[in-house]
Amino acid sequence: MSGMPGTIRVSFCPVGLTEKAEVNRVDKPLIFEKPHGVKDYLPPWARRKRELEATCQRVFRRWGYQELITPTMEFLETFQNGALRSGEDRVFKMIDRSGRTVVLRPDMTAPIARVVASELAAEPLPIRLSYTAAIFRRQERVAGRDAEFTQAGIELIGDGSVDADAEVIALAVRTLEEAGVRVFRLAVGDVGFLEGLFAEHAGEPLAERLRSHLVKQDFVGFEQELEDADLPEANRETLRAVPGLRGGPEVVERARALTTHPRARRSLDRMWELWGIIGLYGVSHRVQIDLSLMLDLSYYTGMIFEGYASGVGFPVCAGGRYDELLERFGRRSPATGFMIGVERVLDALEREAPSPPVVVPRIHYVPQRRQEAVAFALWLREKGWNVALECHPAGSGEGQAGSLQGRDADGEPVFWLDGGGTSGSAEMAGWFEEWRRSGQREGALR
């Protein structure tokens, strides 16, 4: 027999919907409130979230990555030296009993760098690590972003080659595909190109203001910054071309005409080579070069990328090369990696294909049939089915009348074991007869 009857339907709750729900508040309304930026995960959402996390780790393992788990709390020093471009104001801080500042991790790359430079210091390079972890960042109330969210990602440490960058991009694409996201695109840029271009044509502090606008993809602000800057007109015109540096490999040639800076030219050479290797993985159709791309995490030193899915307002994945971060922990090593925003991918999946109901067949029984009902349920569970048991007081007969056609009050299939025999779902009755023929019923009743 295929499939199991009997379902409990729980409506899917989209991201943030529980925060908008009105609750019948009694004496203490705050007991129903949650801190800003966090949410409850109702059963369909929680189930799909766990399935997505498992899918990510399964794909990561196939590509040679081993999972690492680090503490939710870290000392503040782990994330200092510019881990967040926007500074420490977005970090949740606490003081421990020794007086040291402890934070809820705002990022996973820095803790992994700490582990690689300490507990894995004797391990030969390269090291491939993966993770699934809750991340915490303070958000403005008007920002529309979560303060707690889950990331699944990988870090490839000890390989500074373009091949390593191509591997993480290809792995990001394959992970999103296997997760079920159908419509998405990765934008790939390079920090080195922008840093070289800004050094040649802008200088500090203008360059930092330009970076800030690019992080927010505020191209109007970027243009206004150039308009107000005291720059030679030729420099201004060169920098105005940055937001338009998007497309295929032809973008690299257009960018070459804008700069003679050695770092910028080296970055463009790597980008050209990277594009060729991405083609070998068969993922070029998912990738677009975007040399205006700048990410919020300031430890990136080379290739960077973000992934965008249809209908989702924020990136579903991001990553890049960070060749200087491990040196801050005492182990000089190149590194590259990426993270997937689990909730954002779930949002994309829900938009493409709404979550199906949670299916839980239910067996109703009266006390005198308890032993039989429990044994039947255990037999079904051993076969891999989800089964719930519901006991009804002797003689109550509650809900039994409607069960004769195999439906409860909500119109869902059910199965009854009562004093008069069995009733309810025909398919469930078929499973019951198979269980009886197996001889396990007689054993259960001895």
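Residues in the sequence shown are numbered from 1 upward in steps of one, following UniProt numbering.
Cβ atoms here follow ideal geometry from the backbone N, Cα and C, with glycine treated the same way.
Here the structure is a predicted model, which means the values were calculated and not measured.
Whole angstroms are fine: how far does the CA of residue j sit from the CA of residue i?
i	j	result
E140	H392	50 Å
P5	R48	Low per-residue confidence applies at P5: pLDDT is 36, beneath 50, and the placement is therefore not dependable enough to give any value.
G384	A46	20 Å
G320	T132	18 Å
V91	F136	7 Å
L52	R185	19 Å
L378	R344	37 Å
S355	D107	29 Å
A264	I289	15 Å
F198	R240	12 Å
M271	E427	59 Å
H285	F32	47 Å
G402	G424	Only weak support is given to the placement of G402: the predicted model assigns it a pLDDT of 44, under 50, and the value that follows is read from those uncertain coordinates. Taking the straight line joining both Cα atoms gives about 8 Å.
R105	R331	21 Å
S98	L76	14 Å
T175	C56	6 Å
Starting from residue i, trace the beta strand (DSSP E) both ways and give me its first and last residue.
i	result
S333	Neither: S333 is in no beta strand (DSSP E) and is coded neither H nor E.
E390	388-391
R437	Premise fails: R437 lies in the alpha helix (DSSP H), 426-437, not in any beta strand (DSSP E).
Q371	Taken as a continuous stretch (DSSP letters only), Q371 belongs to no beta strand (DSSP E), being part of the alpha helix (DSSP H) at 370-382.
A241	Here A241 belongs to no beta strand (DSSP E), and DSSP marks it neither H nor E.
M294	Here M294 belongs to no beta strand (DSSP E), and DSSP marks it neither H nor E.
A318	317-321
In chain order, what residues of the same chain have a beta carbon less than 8 Å from the beta carbon of residue i, not counting five sequence neighbours either side?
i	result
T422	F415, W416, A429, F432
E225	L206, R209, L210, H213
When the cut-off is 7 Å and only beta carbons count, does residue i lie next to chain C?
i	result
P361	You won't find chain C in this structure, because it holds only one protein chain.
Which of helix, strand or coil does DSSP assign to residue i?
i	result
L30	helix
H261	coil
S130	strand
I278	helix
M108	coil
H36	coil
T55	helix
P417	Residue 417 is actually Leu in this sequence, not Pro. In the structure shown, L417 sits in a strand (DSSP, three-state: E or B).
F149	strand
V91	coil
F314	coil
Looking only at its own chain, which residues have a Cβ that is under 7 Å from the Cβ of residue i, when we skip the five neighbours before and after it?
i	result
W63	L171
Specify, as a first and last residue, the run of the alpha helix (DSSP H) that residue i falls within.
i	result
E306	First-last for E306: 303-309, but that is the beta strand (DSSP E), not the alpha helix (DSSP H).
V251	250-256
E77	Unbroken run through E77: none, as it is neither H nor E.
R351	342-352
If I measure Cβ to Cβ from residue i and keep anything under 6 Å in the same chain, skipping five residues before and after, which residues do I get?
i	result
R114	T78, F329
D323	T301, P334
L245	V251, A255, L291, S292
T238	H201, L258
Please list the segments of the alpha helix (DSSP H) lying wholly inside the segment 153-222, counting only runs of 4 or more residues, in order along the chain.
Within the segment 153-222, the runs of alpha helix (DSSP H) that reach at least 4 residues and sit entirely inside it are, in chain order, 162-179, 191-201, 206-215.
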